[in-house]
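Per numbering that gives the first Met the number 0, residue 0 is the first one in the sequence shown, and the count goes up by one each step.
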Amino acid sequence: MIASEVRALFAVAARPEVVSLAGGMPNIAALPLEAVSAVMADLVTQQGVVALQYGSAQGVESLRESICEVMALEGVVGSSDDVVVTSGSQQALDLVAKIFLDPGDTVVTEAPTYVTAINTFAAYQARITHVPMDDNGVIPEALAETFARLSAEGHPAKLFYTVPTFQNPAGVTLSTTRRPEVLEACRRAGVLVLEDNPYGLLRYDGEPVRALRADAERAHDVIYLGSFSKTFAAGLRVGWALATTAVKDKLVLAAESAILSQSPFPQLAVDRYLRTQPWSDQIKAFREIYRERRDAMLDALTEYMPPGVTWTTPAGGFFVWATLPEGLDAKAMLPRATSARVAYVPGTGFYADDSGQANMRLSFCYPPPERIREGVRRLGDVITQ
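Have a look at this one:
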């Protein structure tokens, strides 16, 4: 097991004088907390005997039904019987790794990729191989070539892990033309797709992007992971996996061995919130807040970054991926940045091979716009020094 570079920054980023552009924490203050409080109170009063008791390892049935309605917003059709509720989608990721990966198995991921996915796969002693991305997401030709090369080397890929929509950390989205090509490359190579989609509903303009699972020819080609951490409350730790029945059964067994049962209380709280509150309106409010903060960051980057710095322009989600001029190392620069009271995550944390020295992940979801501008100004001064 290895430490997360994001977690290592929490102590510094939590200092009030530091502008944190590091953690991807949602803006919980935007929730209607009085309504949430009423939901919780009613839950204890009306269903406390159930909510505070042991539950099922698969999760509360009514929530699994609600999850199917949420997934339908991105074109995913699934049965509640094939949904497994987890402690955030992170636990779902761990359970999938537990049941599929043996030591030495190969997992292919985007380059860069979600830092804790790297840690999870490493904990199960998997080999991690990266495939390059550009502004349109992972490159299908490179993905197919990687699958072929790994097979020829005697290490065929078992999983392709992807965050195709508003990717963490790069902020890019796999284009609609590439999505069927990626699915076909995986199908031809016999590689299972593990689609992680925590940000999909947070698209700033237009309707949500269709998930990969929505357009897979065969349901068993894609395991879909979702979460309420970014669209409701991260502290409740409610996520899920959608898989075929055979895989679902193994996920439930794995969950039982790890935690015995999921806690009914947060599940019932989420389900009651979805059924009694104007949840779609809250999603729209989140989109407006995050779009304003995204725009503040992009404007500040344009104003304060020195020549040679480039960055992505996300259409949703939480993150901008910045690239420094040649010769600069984001990890080596971090102590100077924290001394200047600004924090970010160095790009090396998002690669299994210590690539990404010239990159940094900048998060705009948590600080208000004026703090984002000040943080980017401080960062620009550090880069210029």
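C-beta: ideal position from N, C-alpha, C; glycine also.
Here the structure is a predicted model, which means the values were calculated and not measured.
Below 8 Å CB to CB, which residues in the same chain sit around Ala314 once its five sequence neighbours on both sides are set aside? Phe165, Thr172, Arg202, Tyr203, Asp204
Can you give the Cα-Cα distance for Gln57 and Glu194, rounded to whole angstroms? 19 Å
Within 10 angstroms of the Cβ of Thr128, are there 16 or more other Cβ atoms? Answer buried if so, exposed if not. buried
Using a 10 Å radius around the Cβ and a threshold of 16 neighbouring Cβ atoms, would you call Ile117 buried or exposed? buried
Can you round the beta-carbon distance between Cys67 and Ser55 to whole angstroms, since I take them to be within the 8 Å contact cut? Contact flag wrong, Cβ pair sits at about 17 Å.
Excluding the 5 residues preceding and the 5 following Thr243 in the sequence, name in chain order all residues of the same chain whose CB lies nearer than 8 Å to its CB. Asp81, Ala218, His219
Taking just the CA atoms, how far does Asn26 sit from Ala329? 26 Å
May I ask you to report which of helix, strand or coil DSSP gives Asp328? coil
Just to confirm, are Phe285 and Ala29 a CB contact at a threshold of 8 Å? yes
Arg178 - DSSP class collapsed to helix/strand/coil: helix
Taking the alpha helix (DSSP H) that Gly87 belongs to, which residues open and close that run? 87-99
One question on the structure: do Gly355 and Pro111 come within less than 8 Å of each other, judged by their Cβ atoms? yes
Residue range of the unbroken beta strand (DSSP E) whose run includes Lys229: No beta strand (DSSP E) contains Lys229, which DSSP labels as neither H nor E.
Rounded straight-line distance, which links the Cα of Ala351 to that of Leu258: Note that residue 258 is Ile in the sequence shown here, rather than Leu. Those two C-alpha atoms are separated by around 29 Å.
Applying the 10 Å Cβ sphere with the 16-neighbour rule, what's the burial state of Pro413? There is no way to answer for residue 413, as the model of the chain reaches only from 0 to 384.
Rounded distance between the beta-carbons of Thr383 and Pro305, thought under 8 Å: 5 Å
Rounded to whole angstroms, what is the Cα-Cα separation between Asp214 and Met359? 32 Å
Beta-carbon proximity list for Val375, same chain, < 7 Å, skipping 5 on both sides: Met296, Ala299, Leu300, Tyr303
In angstroms, rounded to a whole number, what distance separates the CA positions of Ala34 and Trp239? 24 Å
How would you call Asp133, buried or exposed, if buried means at least 16 neighbouring beta carbons within 10 angstroms? exposed
Exposed or buried, what is Phe187 when buried is set at 16 or more other beta-carbons lying within 10 Å of its beta-carbon? According to the sequence as given, residue 187 is Arg; it is not Phe. By the 10 Å Cβ count, Arg187 comes out exposed.
Own chain partners of Asp65 with C-beta closer than 6 Å, once the 5 adjacent residues on each side are dropped: Sequence check: residue 65 is Ser here, not Asp. The answer, listed in chain order, is Asp270, Leu273.
With Leu142 and Thr105 assumed to form a contact (beta carbons below 8 Å), what rounded beta-carbon distance in angstroms separates them? Incorrect: roughly 13 Å between the Cβ atoms, too far for contact.
Exposure of Thr119, with buried meaning 16 or more beta-carbon neighbours within 10 Å: buried
Would you mind listing the beta strand (DSSP E) stretches within the segment 225-282 that are 3+ residues and don't spill past its ends, in chain order? 238-241
Let me know if Ile371 comes out buried or exposed under the rule of 16 or more other beta-carbons within 10 Å of its beta-carbon. buried
Using the C-alpha atoms, what's the distance from Ser61 back to Glu73? 20 Å
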